[in-house]
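In what follows, a single structure is set out as structure tokens and then discussed.
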Amino acid sequence: MLADKALELIRELDRTKDGQMPAFNEDTIRIVLEEMNTLFEQNQRDVNATVAGDVRYFSGVHLRHAALERNRRCLLAYLYNRLERVRDMRWEFGSILPADIRANMCEPEIIWFNKYNKNLASYMRSLGEGTGLDLTQDIKPPKNLYIEVRCLQDYGEFEIEEGDTVVLQKNTTHYLPMAQCQHLIRQGILEHVE
Amino acid sequence: MRTNEDSSLWCGWCRITGLGRGCHACASRSPGRRSCGWRRPLNLGFRGFVTSGRWCHIFVVLRSPSLSLYPWTSTPSPLSPSHPSSLLLSSPPTLLELNYSSPSLQLLTPSPSQSLRSASPRPSRSPAWMTERMSPTLESHQSELVDCMLDQINQMTENLKRCKKHDFRLAIHKMEIDRIRYMISSYLRTRLEKIEKFTHYLLEKEGRVTDESLATLSPAEVNYAKEYASNLESHFQTLILQHVPENLRAFDPNKMSVKPNLDSYVFLKVKETTPGVLIEDDTGEGRDEEVDLDEGGQHLMRYKSVSHLLHNGAISLI
């Protein structure tokens, strides 16, 4: 059926959970693009025939054109939704993506990701009359100044305000200022104990 | 923005934050003590108004009965580290209740007397943060306010460095800074999310605006949106559009971009009585209705019908 493969792309993306990155399906995209080119050639032929005076095939042209548009729409939707996931990951993991996610992205997506990073960073720098504000921090409303955290891996010495240092060893728990250990939580070094 | 008056005349609380005279604490002091010359917060412009928010906060905490060690009520001695820091622990419910009580929320509210906003023809009088989060589309930007608040945070952080390390007031102030920062971040994040979603729609709308004070996007946001749009388009071009047949290569933002749903419904609270609000009937059967909005009432209405009231401050989104 026409545009079947394109729909398959969308379905595939929809089946994977949010927050996951399926591999970029270049093969299917190639098939869809080929289908589009074939449809276009057939259309071209029939249009020429119509212009020459034979109107028997004209309704076929309409049908194929609709299929072409549907294919393109599906392809763009596939790309767009993947980019949305990449963006969500930027907010979740920071400017460096985990290797397994990176492996599932194609080259242009990585380029887009870097451009997005740059754009976001320059916007955040411009806030507050040039002092800047990191919007990726403070995702949750602060409940306490200090939170209890458990160390998931050896990190070594960690300096908190005014020269105090704590040694973060695996499986130790600490009571640390939230503002300062937020990024360690996101890197997966610490875990917030509720 | 600090007043250059002699800071030794300020009460202890004002001195810590360096925000200048004018906290509620000063107002409650018995006469005869050194006063820092409290005035009505609103007369102090923006600084004063933020101050009032913050001080309400702490004031309520400290006025609870268990905290009679309030420096200016009975004992003039400053709170030293030896003072029970359990003061805070003895009243956790109060602190918790106050977590997101009105003072914090109002922090993003422009004050009517604020000189900064006087240039704007439509000062929005509902909390920008709440409005932004509840509205289906992007509201006008409040970048002066955001800049002001960030400046405040920086100043307060500086001032807190002068405080003694175990001073229990430090914890309250730090918490407050964290909360303000969270609010600003959350506000800006919400805006960014909308900008990314409705990029083309907003840029097109921005292009039609001639008066700068009516602009929805701040200059920094315009740059961001433009960059975002061009990145998106070049990504589409490289991967798909340059490989498809010629007649389908054009990228038409009007056909392909997401637009906010202005027909969605919002909860609102009426702040000024407005009679005769026209609710249009979209089915074309001419069943238009007029509704009177009475002050204090809460309604669930279509955003489109009430957006002009939101902009002139007669209602606020909840």
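Read top to bottom, the protein sequences are chains A and B. Under the numbering used here, think of the first position of the first sequence as 2, with each following residue one higher. Under the numbering used here, think of the first position of the second sequence as 715, with each following residue one higher. Just so you know, even glycine gets a beta-carbon here, dropped at the ideal spot from N, CA and C. Please read these numbers as outputs of a predicted model, since none were measured by experiment.
{"query": "Using the Cα positions of Leu40/A and Leu69/A, report the straight-line distance between them to the nearest angstrom.", "result": "7 Å"}
{"query": "Taking C-beta pairs closer than 9 Å, name the residues in chain B that Glu36/A reaches, listed in chain order.", "result": "None at all; the shortest Cβ gap to chain B is about 11 Å."}
{"query": "With H, G and I counted as helix, E and B as strand and the rest as coil, what does DSSP make of Asp1006/B?", "result": "strand"}
{"query": "What are the residues that DSSP puts in a beta bridge with Pro1/A?", "result": "Chain A is shown from 2 up to 195; residue 1/A falls before or after that span and cannot be answered."}
{"query": "Is Lys940/B closer than 8 Å to Thr930/B when the C-beta atoms are compared?", "result": "no"}
{"query": "How many angstroms separate the CA atom of Ala67/A from the CA atom of Tyr147/A?", "result": "59 Å"}
{"query": "By DSSP, does Arg16/A sit in helix, in strand, or in coil?", "result": "helix"}
{"query": "DSSP puts His193/A in a beta bridge; with which residues?", "result": "Val150/A"}
{"query": "Considering only their Cβ atoms, is the gap separating Glu158/A from Val168/A smaller than 8 Å?", "result": "yes"}
{"query": "Can you name the residues of chain B whose CB is closer than 7 Å to the CB of Tyr1/A?", "result": "With chain A represented from 2 up to 195, any question about residue 1/A goes unanswered, as that position is not in the structure."}
{"query": "Is Tyr1035/B close to chain A, meaning its C-beta is less than 8 Å from at least one C-beta of that chain?", "result": "This structure does not reach residue 1035/B, given that chain B is present from 715 up to 1032, and the question cannot be answered."}
{"query": "Could you work out which residues of chain B lie near Asp96/A, taking near to mean beta carbons separated by less than 7 Å?", "result": "Per the sequence presented here, residue 96/A reads as Ser, with Asp not at that position. Here the premise fails: no neighbours, minimum Cβ distance about 15 Å."}
{"query": "Against Gln105/A, what residues of chain B qualify as contacts under a CB-to-CB distance less than 9 Å, listed in chain order?", "result": "The sequence given here has Asn at residue 105/A, not Gln. What Asn105/A touches in chain B: nothing, since even the nearest Cβ is about 15 Å away."}
{"query": "Tell me which same chain residues have a C-beta within less than 7 Å of the C-beta of Gln154/A, skipping the five on either side of it?", "result": "Lys171 and Ile190"}
{"query": "I need the straight-line Cα distance from Arg46/A to Leu955/B, nearest angstrom please.", "result": "22 Å"}
{"query": "Helix, strand or coil, according to DSSP, for Gly1/A in the structure here?", "result": "There is no way to answer for residue 1/A, as the model of chain A reaches only from 2 to 195."}
{"query": "What is the rounded straight-line gap between the Cα of Arg922/B and the Cα of Ile111/A?", "result": "34 Å"}
{"query": "Which residue's Cα is closest to the Cα of Arg74/A: Gly131/A, Ile161/A, Pro142/A and Ile30/A?", "result": "Ile30/A"}
{"query": "Is there a C-beta anywhere in chain B that falls below 8 Å from the one on Leu128/A?", "result": "yes"}
{"query": "Give me the subset of the region 883 to 904 of chain B whose CB atoms are less than 8 Å from a CB atom of chain A, sorted by chain position.", "result": "Ala885, Lys888, Met889, Asp892, Arg893, Arg895, Tyr896, Ile898, Ser899, Ser900, Leu902 and Arg903"}
{"query": "In its own chain, which residues sit with a C-beta less than 6 Å from the C-beta of Pro974/B, not counting the 5 before and 5 after it?", "result": "Pro850, Thr851 and Phe912"}
{"query": "Would you identify the three-state DSSP class for Pro974/B, choosing helix, strand or coil?", "result": "coil"}
{"query": "Quick one, are the C-beta atoms of Thr988/B and Leu1007/B less than 8 Å apart?", "result": "yes"}
{"query": "Check the Cβ of Ala180/A against every Cβ in chain B and list those closer than 9 Å, keeping chain order.", "result": "Lys888, Ile891, Asp892 and Arg895"}
{"query": "Starting from Leu76/A, find everything on chain B with Cβ-Cβ shorter than 7 Å and list it in chain order.", "result": "Ile954"}
{"query": "So, is Ile1040/B buried or exposed, given that buried needs 16 or more other C-beta atoms within 10 angstroms?", "result": "Nothing in the structure corresponds to residue 1040/B, since chain B is present only between 715 and 1032."}
{"query": "Any beta carbon from chain B within less than 8 Å of Asp139/A's own beta carbon?", "result": "yes"}
{"query": "Taking the straight line between their C-alpha atoms, what separation do you get for Leu134/A and Leu128/A?", "result": "6 Å"}
{"query": "With 16 other CB atoms within 10 Å as the buried threshold, where does Asn44/A fall?", "result": "buried"}
{"query": "I believe Leu902/B touches Val860/B by the beta-carbon criterion, under 8 Å. Please report the beta-carbon distance rounded to the nearest angstrom.", "result": "7 Å"}
{"query": "Give me the residue from Asn118/A, Phe59/A and Ala24/A with the minimum Cα distance to Leu200/A.", "result": "There is simply no residue 200/A to check, as chain A begins at 2 and stops at 195 in what is shown."}
{"query": "Just to confirm before moving on: does the CB-CB distance between Ile894/B and Ile867/B stay below 8 Å?", "result": "yes"}
{"query": "Nearest chain C C-beta to His880/B closer than 8 Å, yes or no?", "result": "Absent from the structure is chain C; the protein chains it does hold are A and B."}
{"query": "Roughly how many whole angstroms lie between the Cα atoms of Gln828/B and Glu858/B?", "result": "Because Gln828/B carries a pLDDT of 34, less than 50, the predicted location of this residue cannot be relied on, and the following value inherits that uncertainty. Cα to Cα, Gln828/B sits roughly 11 Å from Glu858/B."}
{"query": "Establish whether the CB of Arg12/A and some CB of chain B are separated by less than 8 Å.", "result": "no"}
{"query": "Entirely within the region 58 to 114 of chain A and at least 4 residues each: give me those alpha helix (DSSP H) ranges in chain order.", "result": "59 to 94 and 100 to 104"}
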